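Peer 1:
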Amino acid sequence: MADVLSIINPATEALIQEIPVDDRATVAEKYARARAAQLGWAALPLADRIKCILRFRELLIERVDALAALLTAETGKPITQARNEILAVPGRIDFFVEHAAQVLAPERVYAEPAVALPGMGVLEEAIAQEPLGVIANISAWNYPYFVGGNVFIPALLMGNAVLYKPSEFATLTGGAIVSLLHESGIPQNIFIPIIGSGLSGAALLEQPIDGVFFTGSYATGQKIAIAAAPKLIRTQLELGGKDPAYVCADAKVAAAAAGLADGAFYNNGQSCCAVERIYVHIDVYDEFLEVFMATVKSFKLGDPTDPDTYLGPVSRKPQLSILADQVADALAKGATLRCGGERLNRPGWYFTPTVLTEVNHTMTVMQEETFGPVIGIQRVASDEEAVALMQDTPYGLTAAVYGTDRERAVGILHQLKTGSAYWNCCDRVSPRLPWSGRGHSGLGATLSLAGISTFLQPRAWHLRAG
Ligand code: TXE
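Each residue of the sequence shown is one higher than the one before, counting from 105 in my numbering.
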């Protein structure tokens, strides 16, 4: 009998469903089907592929209520945030569709002005763009529509076949995405789900795929990179972070505090670009803390199916002990607990929103990815001290600086190695801009034109008329 995956509702701990998982044999069979179908898909006019993706766009909007309810049931994401995620995908699709032809277009880069070889015609040089082939899309649970869609939408548009492994913590949503794409006209053998946990993901990497696009943790990202290395295939890793924010002495403090509280706690802190540590200049610290605490206290914690809920349960049970350990470590080393710090006494994986102050970099909460509703706020005496602390991490996804002086903020951001730099904003992603990380935050970029062309490889044509 095939192994099964148990889908648990994080808000109630009730079993939603058991689903058979893929093993090596079924993964190999799915790979073979994708390989056989891919060239036919790539040979279609781009307009045909665009038509399918635009139908998918329509269906997302039409079915948002049911899709959001499913996402909330299996991940605990508050329903309003689930709807927000799904309804933001059409904007990304618009960007991809608008730029697909431009990225895919062949280019004639040289034509010999006169015949150089007697008896032969003139030479022409051209660049054609070809899809990678069959790619693996190994996805995460925290934003299945975003992080999956950033890969599978441009990959399909560019003519690739996609073996899509949703996270084991968002499998039902993954299944819904597969059904919607097939209903939209994407052939069954061009977008194929691989169901299961890391074992199914590892089996996928054993196949002779042409690229792997992964979203998840640094630890698993390393394993993916190691498995992919001997294949010499395109490898993209969208990993986590320990994203810092600094509030300068000249910041508009109330707006900064409200914005950063949202950046730290939106989606229960389970965003790759969630604000994970905050540094505040001593001159504005008290005012900042007052507004920050008031904002956190205004967040409604509870049933994620309630449209007013801002904080639901965390999506994965193991995260609860990571959060509790970080809080205990901070308190043992002298931090002050301003609120939260414990599980809710009710069924479900609820952790109360937690604010720690008097923190420092000996504490894990300021060093290791938290990925939950816990934030440390540290007082600093100067921009130089803030920069040194923000630099103290192996990660490099995003960094934010709040202040009224653009030159000063940009100067600080220039000293940090991150894929995204935010001035007076945070926890923000745009389809027009590349999403990438430095250091342990990843490899390669999704979104922007770079995030479309990454699903292509150039071919050089040297053409001499005979
Ligand atoms: O991640 P994993 P998980 C971080 C975050 C979170 C932690 C664990 O800190 O708490 O990771 O989450 C598949 N070969 N992020 O367990 O292990 C796995 O089945 C091939 C940050 O979800 O990285 C899933 O589909 N595949 C992040 C995917 O990899 C393997 C988002 C991610 O799993 C595999 C998510 C293997 N050996 C978690 N092992 C972000 N960037 O936002 C696992 N997988």
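Even for Gly, the Cβ is constructed at its ideal location relative to N, Cα and C. Here the structure is a predicted model, which means the values were calculated and not measured.
How long is the line joining the alpha carbons of residue 342 and residue 417, rounded to whole angstroms?
Peer 2: Position 238 of the sequence shown, counting from 1, holds the residue named residue 342. Position 313 of the sequence shown, counting from 1, holds the residue named residue 417. So the alpha carbons of these two residues sit roughly 24 Å apart.
Peer 1: How is residue 105 classed by DSSP in three states: helix, strand or coil?
Peer 2: Working through the sequence shown from its first residue, we reach residue 105 at position 1. Confidence at residue 105 is low in this model, with a pLDDT of 49, below 50, so the placement of that residue is unreliable and no value is reported for it.
Peer 1: Residue 346 by DSSP, collapsed to three states: which one?
Peer 2: By one-based count along the sequence shown, residue 346 stands at place 242. Coil.
Peer 1: DSSP on residue 524, reduced to helix/strand/coil?
Peer 2: Here residue 524 refers to the residue found at position 420 when the sequence shown is read from its first residue. Strand at residue 524.
Peer 1: Does residue 566 pass the burial test, meaning 16 or more other C-beta atoms within 10 Å, or should it be called exposed?
Peer 2: Here the question's residue 566 lines up with position 462 in the sequence shown. Residue 566 is exposed by the Cβ-count criterion.
Peer 1: Taking the alpha-carbon positions, what's the residue 113 to residue 273 distance?
Peer 2: The sequence position of residue 113 within the sequence shown is 9, counting from 1. The sequence position of residue 273 within the sequence shown is 169, counting from 1. One C-alpha to the other measures close to 10 Å.
Peer 1: If we count Cβ pairs, one from each stretch, closer than 8 Å, do we get three or more for the segment 268-288 versus the segment 159-179?
Peer 2: Cβ pair count under 8 Å is three or more, so yes.
Peer 1: If you reduce the DSSP assignment to three classes, tell me which class residue 539 lands in.
Peer 2: On the sequence shown, residue 539 is found 435 positions in, with the first residue counted as 1. Correct three-state label for residue 539: strand.
Peer 1: State the CB to CB distance for the pair residue 290 and residue 260, rounded to an integer number of angstroms; the pair is presumed to be in contact (CB under 8 Å).
Peer 2: In the sequence shown, residue 290 corresponds to position 186, counting from 1. In the sequence shown, residue 260 corresponds to position 156, counting from 1. The pair is a contact, with the Cβ atoms about 6 Å apart (cut-off 8 Å).
Peer 1: Under 8 Å between the Cβ atoms of residue 377 and residue 493?
Peer 2: Translated into the one-based positions of the sequence shown, residue 377 becomes position 273. Translated into the one-based positions of the sequence shown, residue 493 becomes position 389. Cβ distance not < 8 Å, so residue 377 and residue 493 don't count as in contact.
Peer 1: Closer than 8 Å by C-beta to residue 105: which residues in its own chain qualify, once you throw out the five before and the five after it? Chain order, please.
Peer 2: The residue you call residue 105 lines up with position 1 of the sequence shown. Model confidence at residue 105 stands at a pLDDT of 49, short of 50, so the residue's coordinates are unreliable and nothing is read from them.
Peer 1: To the nearest angstrom, how far is the alpha carbon of residue 488 from that of residue 515?
Peer 2: The sequence position of residue 488 within the sequence shown is 384, counting from 1. The sequence position of residue 515 within the sequence shown is 411, counting from 1. C-alpha separation (whole angstroms): 11 Å.
Peer 1: Work out the CA separation of residue 511 and residue 557 for me, nearest whole Å.
Peer 2: Residue numbering aside, residue 557 sits at position 453 when the sequence shown is read from its first letter. Residue numbering aside, residue 511 sits at position 407 when the sequence shown is read from its first letter. Rounded to the nearest angstrom, the two C-alpha atoms are 33 Å apart.
Peer 1: Could you tell me the distance, in whole angstroms, from the CA atom of residue 374 to the CA atom of residue 428?
Peer 2: Here residue 374 refers to the residue found at position 270 of the sequence shown. Here residue 428 refers to the residue found at position 324 of the sequence shown. Rounded to the nearest angstrom, the two C-alpha atoms are 15 Å apart.
Peer 1: Starting from residue 268, trace the beta strand (DSSP E) in both directions and tell me its first and last residue.
Peer 2: For this step, residue 268 is matched to residue 164 along the sequence shown. That run of the beta strand (DSSP E) goes 265-269.
Peer 1: In the DSSP output, which residue or residues are listed as bridge partners for residue 160?
Peer 2: To locate residue 160, count along the sequence shown from 1; it is residue 56. Per DSSP, none; premise fails for residue 160.
Peer 1: Please tell me whether, using a cut-off of 7 Å, the distance from the CB of residue 557 to the nearest non-hydrogen atom of ligand 3 is below it.
Peer 2: This structure lacks ligand 3; the ligands present are ligand 1.
Peer 1: Closer than 7 Å: is that where the CB of residue 475 sits relative to any heavy atom of ligand 1?
Peer 2: Position 371 of the sequence shown, counted from the start, is the residue given in the question as residue 475. Result yes, Cβ under 7 Å from ligand 1.
Peer 1: How many angstroms separate the CA atom of residue 411 from the CA atom of residue 212?
Peer 2: Locating residue 411 in the sequence shown gives position 307, counting from the first residue. Locating residue 212 in the sequence shown gives position 108, counting from the first residue. Taking the straight line from one Cα to the other gives about 54 Å.
Peer 1: For a test of your reading of the model: does the CB of residue 530 fall under 7 Å from any non-hydrogen atom of ligand 1? Yes or no.
Peer 2: Here the question's residue 530 lines up with position 426 in the sequence shown. Residue 530: no, Cβ never under 7 Å from ligand 1.
Peer 1: Grouping DSSP H, G and I as helix and E and B as strand, with all else coil, what is residue 117?
Peer 2: For this step, residue 117 is matched to residue 13 along the sequence shown. Of the three classes helix, strand and coil, the one that applies to residue 117 here is coil, per DSSP.
Peer 1: On the DSSP bridge assignment, give the partners of residue 226 in chain order.
Peer 2: One-based indexing of the sequence shown puts residue 226 at position 122. DSSP lists no partner for residue 226.
Peer 1: Please state if the CB of residue 215 and the CB of residue 228 are separated by a distance shorter than 8 Å.
Peer 2: To locate residue 228, count along the sequence shown from 1; it is residue 124. To locate residue 215, count along the sequence shown from 1; it is residue 111. It is a contact, given that the beta carbons lie within the stated cut-off.
Peer 1: Take residue 132 as the anchor and find which of 307, 361, 517 has the nearest alpha-carbon.
Peer 2: Counting from 1 along the sequence shown, the entry for residue 132 is found at position 28. Comparing Cα positions, the closest option is 307.
Peer 1: Got a sec, what are the start and stop residues for the beta strand (DSSP E) residue 353 sits in?
Peer 2: Sequence index remark: in the sequence shown, residue 353 carries index 249 (1-based). That residue, residue 353, is in no beta strand (DSSP E); it is neither H nor E in DSSP.
Peer 1: Just mark residue 563 as buried or exposed, buried being the case when its beta carbon has 16 or more other beta carbons within 10 Å.
Peer 2: Here the question's residue 563 lines up with position 459 in the sequence shown. So residue 563 ends up on the exposed side.
Peer 1: For residue 328 and residue 300, what's the separation of their Cα atoms in angstroms?
Peer 2: For the purposes of this step, residue 328 is identified with residue 224 of the sequence shown, where counting begins at 1. For the purposes of this step, residue 300 is identified with residue 196 of the sequence shown, where counting begins at 1. Their backbone Cα atoms lie some 16 Å apart in a straight line.
Peer 1: Could you give the first and the last residue of the continuous alpha helix (DSSP H) run that contains residue 434?
Peer 2: Translated into the one-based positions of the sequence shown, residue 434 becomes position 330. Unbroken alpha helix (DSSP H) run through residue 434: 422-436.
Peer 1: Looking at C-alpha atoms only, which residue of 477, 189, 475, 127 is the closest neighbour of residue 269?
Peer 2: Your numbering for residue 269 matches position 165 in the sequence shown. Selected option, being the one with the closest Cα: 127.
Peer 1: In whole angstroms, what separates the C-alpha of residue 354 from that of residue 543?
Peer 2: On the sequence shown, residue 354 is found 250 positions in, with the first residue counted as 1. On the sequence shown, residue 543 is found 439 positions in, with the first residue counted as 1. Cα to Cα, residue 354 sits roughly 30 Å from residue 543.
Peer 1: Only counting the same chain, and skipping five residues up and downstream in sequence, which positions put a Cβ closer than 6 Å to that of residue 550?
Peer 2: Locating residue 550 in the sequence shown gives position 446, counting from the first residue. Counting only Cβ-Cβ distances below 6 Å, and skipping sequence neighbours, we find 254, 539.
Peer 1: Would you check whether ligand 1 has a heavy atom nearer than 7 Å to the C-beta of residue 244?
Peer 2: Position 140 of the sequence shown, counted from the first residue, corresponds to residue 244. Answer for residue 244: yes, Cβ within range of ligand 1.
Peer 1: Use the C-beta contact count for residue 225: other C-beta atoms within 10 angstroms, 16 or more gives buried, fewer gives exposed.
Peer 2: In the sequence shown, counting from the first residue as 1, residue 225 sits at position 121. Classification of residue 225: exposed, given that the 10 Å Cβ count is below 16.
Peer 1: Can you check which of these residues, 347, 459, 190, 430, is closest to residue 394 by C-alpha distance?
Peer 2: As a position in the sequence shown, residue 394 is number 290, starting the count at 1. Nearest option by C-alpha distance: 459.
Peer 1: Measuring alpha carbon to alpha carbon, tell me which residue in 568, 436, 286 is nearest residue 571.
Peer 2: Nothing can be reported for residue 571: it is not among the residues displayed for the chain, which extend from 105 to 570.
Peer 1: Could you pull the DSSP bridge partners for residue 455 from this structure?
Peer 2: Numbered from its first residue, the sequence shown carries residue 455 at position 351. Residue 455 is bridged to 447.
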